[in-house]
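In the working numbering, the protein residues as written are 10 to 246.
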Amino acid sequence: RVQEELEDVVPDATILRMDRDTTSRKHGHHQILQRFRAGADVLLGTQMIAKGLDFSRVTLVGVVDADVGLLFPDFRAEERTFQLLTQVAGRAGRADIPGEVILQTRNPDHPAIRHATTHDYDGFAEEELATRRRFGSPPFGHVATVEFRGPQEERVERLAVNWTETLRSHAGPVEVLGPEPAFIQRVKKQYRQRTLLKSRGGGAEPIQQALRRTREAHGTPPNGYHVAIDVDALGVL
Numbered sequence: 010r011v012q013e014e015l016e017d018v019v020p021d022a023t024i025l026r027m028d029r030d031t032t033s034r035k036h037g038h039h040q041i042l043q044r045f046r047a048g049a050d051v052l053l054g055t056q057m058i059a060k061g062l063d064f065s066r067v068t069l070v071g072v073v074d075a076d077v078g079l080l081f082p083d084f085r086a087e088e089r090t091f092q093l094l095t096q097v098a099g100r101a102g103r104a105d106i107p108g109e110v111i112l113q114t115r116n117p118d119h120p121a122i123r124h125a126t127t128h129d130y131d132g133f134a135e136e137e138l139a140t141r142r143r144f145g146s147p148p149f150g151h152v153a154t155v156e157f158r159g160p161q162e163e164r165v166e167r168l169a170v171n172w173t174e175t176l177r178s179h180a181g182p183v184e185v186l187g188p189e190p191a192f193i194q195r196v197k198k199q200y201r202q203r204t205l206l207k208s209r210g211g212g213a214e215p216i217q218q219a220l221r222r223t224r225e226a227h228g229t230p231p232n233g234y235h236v237a238i239d240v241d242a243l244g245v246l
């Protein structure tokens, strides 16, 4: 859709698209970059073009739906959005010609958006750490995810409910959230449920203890079903 809009607005421009479809062929990624380096006007792509590219001719970078990453149910959503936007903004004006960055957003006052526009890492870190401290998110607390996977949706739900009930009975000071369908509910014909454990301060031992007792109570999942545990997870998706 974005490519079609661009073709209407700048019909004489050479527009290259870089995404999973256009780079699936061998050397597809390299060929597209070579064509852009050789003089194509516009490079349209997904997050894969946000970092690591250095083109002296690029003077304008636009980001459509710059705030979409803030919608992810993950304590690092703001951090990742700030990081992505500062990286993509760095693609413009890398030579002697000044560059410009245009962000499309419905949340211009959000700290991740506001500080990214000025490359203010310290300002963003101060606000983000204050928010995490208030909610007990890392680094002011510990989180663990327990993911349940299997081919039959109802059996995955039942497995998740049984484990989560046992986790709650051994939780002590640990907050147990879920279970609920994972953000991406089905991957490679495997249904996914997710439970989150959260501990404010005091180390990860209370979480580890609840997990140990629950594993002992339930043992190995049924054949074809899996329970994946990630303590001090870098994200909760």
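No residue lacks a Cβ here, since even glycine has one placed at the ideal position from N, Cα and C.
- Leaving out five residues before and five after T204 in sequence, what residues of the same chain have Cβ atoms less than 6 Å from its Cβ? V155, T173, G187 and P188
- Query: Can the beta-carbon of V152 be found less than 9 Å from the beta-carbon of V245?
  - Reply: yes
- Task: Ignore the nearest five residues each way along the sequence and tell me which others in F45's own chain have a CB closer than 8 Å to its CB.
- Result: L25, L52 and F64
- Reducing DSSP to helix, strand and coil, say where V73 ends up. coil
- Query: In this structure, does DSSP put P182 in helix, strand or coil?
  - Reply: coil
- Who are V51's beta bridge partners in DSSP? I24
- Within its chain, find whatever has a CB closer than 6 Å to the CB of A5; leave out the 5 residues flanking it on each side and keep chain order. Outside the modelled stretch of the chain, which goes from 10 to 246, sits residue 5, for which no answer is possible.
- Query: If you pair each beta-carbon of the stretch 160 to 174 with each one of the stretch 216 to 234, do three or more pairs fall below 8 Å?
  - Reply: yes
- Please name the residue or residues paired with A154 in a DSSP beta bridge. It is Thr, not Ala, that sits at residue 154 in the sequence shown. Paired residues: L205 and D239.
- Message: Alpha carbons only, please: which of H36, R66, K197 and Q56 is nearest the one belonging to G78?
- Response: Q56
- Going along the chain, which residues of its own chain have a beta-carbon closer than 6 Å to the beta-carbon of R209, five neighbours each way excluded? G145 and G150
- On the three-state DSSP scale, how would you describe G78? helix
- Item | Rounded Cβ spacing between F91 and A125 (contact assumed at less than 8 Å) | 5 Å
- Message: Between T95 and H119, how many whole angstroms is the CB-CB distance? I'm expecting something under 8 Å.
- Response: Actually they are not in contact, since the Cβ atoms of T95 and H119 sit about 14 Å apart, beyond 8 Å.
- Task: Measuring alpha carbon to alpha carbon, tell me which of E87, F157, G99 and I122 ends up nearest E271.
- Result: Nothing about residue 271 can be read from this structure; the chain reaches only from 10 to 246.
- Quick one: give me the first and last residue of the beta strand (DSSP E) that V110 is part of. E109 to L112
- What span of residues does the alpha helix (DSSP H) with R123 cover, start to end? P120 to A125
- Query: According to DSSP, which residues form a beta bridge with G132?
  - Reply: Paired residue(s): none; G132 is not in a bridge.
- Excluding five sequence neighbours on each side, which residues of the same chain lie with their C-beta closer than 6 Å to the C-beta of R85? G244
- Query: Any idea what DSSP makes of R195, helix, strand or coil?
  - Reply: strand
- Message: Please state whether the Cβ-Cβ distance between H38 and M27 is less than 9 Å.
- Response: yes
- Which value, in whole angstroms, describes the spacing of the CA atoms of T31 and G54? 10 Å
- Within 10 angstroms of the Cβ of R10, are there 16 or more other Cβ atoms? Answer buried if so, exposed if not. exposed
- Is any beta-carbon of chain D found at less than 9 Å from that of D131? The chain inventory of the structure shown lacks chain D, comprising one protein chain alone.
- Item | Where P190 falls: helix, strand or coil (DSSP) | strand
- Task: Measure the C-alpha to C-alpha separation of E212 and P148 and round it to an integer number of angstroms.
- Result: According to the sequence provided, residue 212 is Gly. The question's Glu does not apply to it. Going from the Cα of G212 to the Cα of P148 covers about 10 Å.
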